[in-house]
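Quick note on the UniProt record's numbering: the sequence shown kicks off at 1 and runs consecutively. For each residue, glycine too, the CB sits at the ideal point set by N, CA and C. Note sheet for the following structure.
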Amino acid sequence: MSALVLHVTGARPNFPKAAPVIAALEKRSVRQLLVHTGQHYDANMSEVFFRDLGLPEPDLNLGIGSGSHAVQTAAMMTALETVFLDERPDLVVVYGDVNSTLAAALVASKLGIRTAHVEAGLRSFDWTMPEEINRVVTDRLSDVLFATSADALVHLAREGVAPDRMHFTGNPMIDTLVRLRDRFDGSRVVSELTLPTAYAVATMHRPGNVDDPATLGRMVTALREVGDRIDLVLPVHPRGRAQLEASGLFDHPRVHATEPLGYLEFLGLVEGSALVVTDSGGIQEETTVLGVPCLTLRPNTERPVTITHGTNRLVTTDDLAGNVDAILGGGGPTHGLVPPLWDGAAGERIADIVVDVLA
Ligand code: UD1
């Protein structure tokens with residue numbers, strides 16, 4: 001029987017990273033299984049992405065759902081151990097920095113199954129972020145590390161990863177963007193909210209921004225100040241939804257809430273916008289490639305290439321409105337550069353290396 005690659009996904013940001021790798025391995029006739037942990041389960045957090053991205057139905061959905069970090073990660077590990085023992089994959093591929101990624105890397109490495117990490121080596125150096133813990137541990141456990149940017153290779157080398165285990169393959173999430181850009185379409189949301197030509201998009205869901213009432217209050221004040229300047233659309237992530245709704249943010253006549261959007265609608269909305277305010281990781285990268293100014297409401301980023309090459313700038317609640325004024329006045333952060341190897345062919349490069357690893 002030919003070698004088996006088992007992909008573990010589970011949360012929204014995993015899907016656009018996995019899609020090009022799966023498609024490129026399919027072309028090379030590699031035997032594959034797609035496991036969805038069920039970390040994200042609402043139709044607009046998961047199913048719509050499978051449809052928009054043309055991902056195959058998961059072979060297995062473990063239906064784990066939400067919980068505290070320990071409860072959720074442990075449930076995933078328990079279920080994944082059974083799957084790995086049953087399927088005996090030759091390589092487990094994990095993506096990004098979510099709890100599903102960590103759970104799969106821990107289980108695979110303890111079973112002696114080789115693990116590959118797509119989007120390895122990113123570091124915010126902020127240990128209050130659960131994702132930073134997930135990144136560092138996943139990289140430590142992985143046998144094959146695929147980096148999206150050169151800084152990631154430096155971090156991995158400093159942490160003792162041997163050069164032959166790390167590969168600079170570029171950004172597969174951008175493969176998905178390049179492939180589907182012609183189909184981006186934010187028009188439904190624009191017309192339903194009767195947005196003017198110039199509007200902004202915001203997303204906020206990090207525990208660091210929405211969990212603490214005092215921090216949330218400062219963020220809401222800052223977002224209302226943005227709304228004083230430009231219509232602002234905020235697709236509301238389930239985490240923090242109740243707090244945001246109770247905060248009065250959406251009482252502002254120019255701040256509009258929507259449900260979480262699918263991939264094509266969301267990026268259509270972003271592509272047509274004057275600027276984005278976010279605390280997401282992936283959106284910093286997508287705005288860089290789309291050339292849309294991005295203001296990241298965080299003290300740090302694990303994606304510095306979006307600042308050095310792209311359209312991203314780190315802001316605080318105090319200077320957000322001033323930065324919006326600067327962008328609307330024509331002084332936005334943009335270098336107009338797309339980072340190296342964010343070219344739509346990362347999945348192909350990853351697949352070539354996977355085939356070598358399996359040989
Ligand atoms: C997770 C990732 C984060 C990523 C984000 C993208 C971790 C540690 N965090 O955060 O890095 O940026 O996904 O969306 O893995 N919920 C629903 N429906 C769903 C999924 C979640 O209602 O389909 C609610 C639940 O109340 C849940 C909460 O959202 O408790 C948080 O979900 P969880 O998957 O734990 O983390 P995210 O905040 O989504």
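Quick check on this structure: which residue in the options has the alpha carbon closest to the alpha carbon of residue i?
| i | options | result |
| --- | --- | --- |
| VAL178 | GLU47, GLN39, GLY329 and GLU271 | GLU271 |
| ARG140 | PHE146, LEU62, THR148 and LEU156 | LEU156 |
| HIS36 | GLU81, LEU193 and PRO58 | PRO58 |
| PRO339 | GLY330, ASP356 and VAL305 | VAL305 |
| ASN61 | ARG254, HIS69 and ALA75 | ALA75 |
| GLY268 | ASN323, SER191, GLU159 and GLY248 | SER191 |
| PRO293 | THR301, LEU249, LEU314 and GLU302 | LEU314 |
| PRO253 | LEU223, ALA274 and SER280 | LEU223 |
| LEU341 | GLU285, THR258, GLU132 and SER273 | GLU285 |
| LEU80 | VAL289, ILE350 and ALA105 | ALA105 |
| LEU295 | HIS309, ASP164, LEU195 and VAL276 | VAL276 |
| LEU102 | VAL189, PRO16, ASP185 and ALA11 | ALA11 |
| ARG181 | LEU6, GLY227 and PRO16 | PRO16 |
| VAL226 | THR278, ILE307 and ASP212 | THR278 |
| GLY112 | ARG88, ALA202, PRO196 and THR221 | ARG88 |
| VAL255 | ASN300, PHE266, ALA200 and PHE184 | ALA200 |
| PRO196 | LEU216, GLN32, LEU232 and GLY332 | LEU232 |
| PHE146 | MET173, GLU132 and PHE49 | MET173 |
| THR78 | THR334, VAL220, VAL189 and LYS110 | LYS110 |
| PRO260 | ARG28, ALA18 and VAL48 | VAL48 |
| LEU264 | GLY65, ASP164, VAL189 and GLU132 | VAL189 |
Please classify residue i as buried or exposed, where buried requires at least 16 other C-beta atoms within 10 Å of its C-beta.
| i | result |
| --- | --- |
| LEU337 | exposed |
| HIS167 | buried |
| VAL71 | exposed |
| GLY63 | exposed |
| ASP52 | buried |
| GLU26 | exposed |
| HIS117 | buried |
| ARG158 | exposed |
| ASP97 | buried |
| ARG298 | buried |
| ILE86 | The sequence shown places Asp at residue 86, rather than the Ile named in the question. Looking at its Cβ environment, which holds fewer than 16 other Cβ atoms inside 10 Å, ASP86 is exposed. |
| THR138 | buried |
| ALA246 | exposed |
| SER142 | buried |
| ALA359 | exposed |
| HIS69 | exposed |
| GLY54 | exposed |
| PRO56 | exposed |
Do you know how far the Cα of residue j is from the Cα of residue i?
| i | j | result |
| --- | --- | --- |
| LEU153 | ASP90 | 25 angstroms |
| ARG123 | VAL136 | 8 angstroms |
| VAL83 | THR169 | 29 angstroms |
| ALA327 | ILE230 | Here residue 327 is Ile; the residue named in the question, Ala, does not match the sequence. Whole-angstrom Cα-Cα distance: 11 angstroms. |
| GLN39 | VAL8 | 11 angstroms |
| GLY344 | SER149 | 14 angstroms |
| GLU348 | ALA23 | 9 angstroms |
| GLU119 | THR316 | 27 angstroms |
| VAL94 | VAL21 | 11 angstroms |
| SER100 | VAL107 | 11 angstroms |
| ASP356 | ILE350 | 10 angstroms |
| GLU302 | LEU249 | 28 angstroms |
| VAL161 | THR115 | 14 angstroms |
| VAL5 | GLY186 | 35 angstroms |
| MET1 | LEU193 | 54 angstroms |
| GLY121 | ASP228 | 39 angstroms |
| ARG31 | ALA3 | 6 angstroms |
| GLY67 | VAL144 | 30 angstroms |
Provide the residue(s) that pair with residue i in DSSP beta bridges, ordered along the chain.
| i | result |
| --- | --- |
| HIS167 | PHE146 |
| LEU60 | VAL35 |
| GLY95 | A small fix is needed here, since residue 95 is Tyr in this sequence, not Gly. Beta-bridge pairing links TYR95 to VAL118. |
| ASP52 | For ASP52, which the question treats as bridged, DSSP gives no partner whatsoever. |
| THR288 | In the DSSP output, where bridge partners are listed per residue, THR288 has none listed. |
| ASN312 | CYS294 |
| ASP231 | TYR199 |
| THR278 | THR203 and THR296 |
| THR9 | HIS36 |
| LEU4 | ARG31 |
| residue 367 | Here the chain covers residues 1 to 359 and nothing more, so residue 367 does not appear. |
Any beta carbon from chain B within less than 7 angstroms of residue i's own beta carbon?
| i | result |
| --- | --- |
| SER109 | The question asks about chain B, but that chain is absent: this structure has only one protein chain. |
I'd like to know if the stretch 125-141 and the stretch 43-53 are in contact, where contact means that at least 3 CB-CB pairs between them fall below 8 angstroms. no
Segment contact, 8 angstroms Cβ cut-off, at least three pairs: the stretch 237-251 with the stretch 201-213: yes
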